[in-house]
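Chains as they are written, first to last, in my numbering: chain A, 97 to 208; chain B, 1043 to 1156. Ideal placement from N, C-alpha and C gives every residue a C-beta, glycine not left out. Reading through the structure tokens given below for one structure.
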Amino acid sequence: EDQVTQSPEALRLQEGESSSLNCSYTVSGLRGLFWYRQDPGKGPEFLFTLYSAGEEKEKERLKATLTKKESFLHITAPKPEDSATYLCAVQAHGGTASKLTFGTGTRLQVTL
Amino acid sequence: DAGVIQSPRHEVTEMGQEVTLRCKPISGHNSLFWYRQTMMRGLELLIYFNNNVPIDDSGMPEDRFSAKMPNASFSTLKIQPSEPRDSAVYFCASKQTGTSYEQYFGPGTRLTVT
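Here it is as structure tokens:
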């Protein structure tokens, strides 16, 4: 069974204080790893897809990286508007190939 | 594009009543997903459709839940009868089949069963 574990559950940063969120996964064969951002009262918003170990993607202050066992979401010099819950999900090859398995997320709060 | 549209945004109902949640996927997307989100279990896939056909309903908790997709632009998730433990936020998502795998989510329906 595919599993995704995210840590920490919650993270509080001051504006400008860089950090990383972790997503550890177990999957029979990784088709893709996804990062989403979710604001309170809203649906998850797609950020990145990573397909193979060593791949990196960037968007503004966010950079996602992937190894064979985990993914990191690096946040550089965060701003208060980066406060949200960040969700990680994996998609496996074969079977019901469209199915995403989500972690429970990391709640990030960035203060002034 | 307006994105994935869900209605209602909030639903409060009494135990035993029938609840119907509605979803309009993004135009041109041919895969549709229903998820449930709770604090305890996070986001769970209930069912998904490809080209209006149900592909995997293994996440549907029990026979009280049913989903339909009569055409490419509309889907419903029905709970009958509803129970307090069904209280959650229900999301609909859609995507294109093919080279892109990312799913795009709607704003969700917050369901409270009293």
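Out of the options, which one is the CA nearest neighbour of residue i?
i       : options                            : result
S167/A  : N118/A, G128/A, S114/A, D98/A      : N118/A
K175/A  : S103/A, W131/A, A188/A, R157/A     : R157/A
R1152/B : F1107/B, I1089/B, R1051/B          : R1051/B
Q1122/B : G1058/B, G1045/B, E1053/B          : G1058/B
F1107/B : A1135/B, W1076/B, N1113/B          : W1076/B
Y121/A  : K165/A, F198/A, R203/A             : K165/A
L1131/B : S1124/B, F1116/B, P1149/B          : Note that residue 1131/B is Val in the sequence shown here, rather than Leu. Selected option, being the one with the closest Cα: P1149/B.
C100/A  : E1086/B, Y1143/B, N1072/B          : A small fix is needed here, since residue 100/A is Val in this sequence, not Cys. Ranking E1086/B, Y1143/B, N1072/B by Cα distance to V100/A puts E1086/B first.
V1095/B : D1105/B, A1109/B, E1104/B, V1054/B : A1109/B
A1114/B : L1074/B, Y1143/B, T1062/B, E1056/B : L1074/B
I1089/B : T1080/B, S1049/B, A1135/B, M1082/B : A1135/B
S116/A  : A185/A, I171/A, F142/A             : I171/A
L169/A  : G112/A, L143/A, H189/A, Q110/A     : L143/A
F1091/B : T1156/B, Q1145/B, T1154/B          : Q1145/B
S1117/B : E1104/B, N1072/B, S1100/B          : N1072/B
Please list the terminal residues of the continuous beta strand (DSSP E) segment that includes residue i.
i       : result
A1044/B : Per DSSP, A1044/B belongs to no beta strand (DSSP E) and is neither H nor E.
V1061/B : 1061 to 1066
T200/A  : Unbroken run through T200/A: none, as it is neither H nor E.
K155/A  : 152 to 155
S148/A  : Per DSSP, S148/A belongs to no beta strand (DSSP E) and is neither H nor E.
G128/A  : 126 to 134
H170/A  : 166 to 171
S194/A  : Counting along the chain, S194/A falls outside any beta strand (DSSP E), and DSSP gives it neither H nor E.
Y121/A  : 115 to 122
L162/A  : 158 to 162
R1152/B : 1151 to 1155
L208/A  : That residue, L208/A, is in no beta strand (DSSP E); it is neither H nor E in DSSP.
T101/A  : 99 to 103
E1053/B : 1052 to 1055
Q187/A  : 180 to 188
Q110/A  : 106 to 110
Using the rule of at least 16 other Cβ atoms within 10 Å of the residue's Cβ for burial, across every protein chain shown, is residue i buried or exposed?
i       : result
T145/A  : buried
L162/A  : buried
T200/A  : buried
T1015/B : The structure shown does not extend to residue 1015/B, since chain B is modelled only from 1043 to 1156, so the question has no answer here.
G1084/B : buried
V1046/B : buried
D1128/B : buried
L208/A  : exposed
P1126/B : exposed
E1053/B : buried
Q187/A  : buried
K155/A  : exposed
R108/A  : exposed
Inset, instruction - Jot down the residue ranges of each uninterrupted beta strand (DSSP E) in the segment 1068 to 1137 of chain B, minimum 3 residues, whole runs only, in chain order. - result: 1073 to 1080, 1084 to 1092, 1095 to 1098, 1107 to 1113, 1116 to 1121, 1130 to 1137
Inset, instruction - Give a yes or no on contact between the segment 1062 to 1075 of chain B and the segment 133 to 145 of chain A, applying the rule of three or more CB pairs nearer than 8 Å. - result: no
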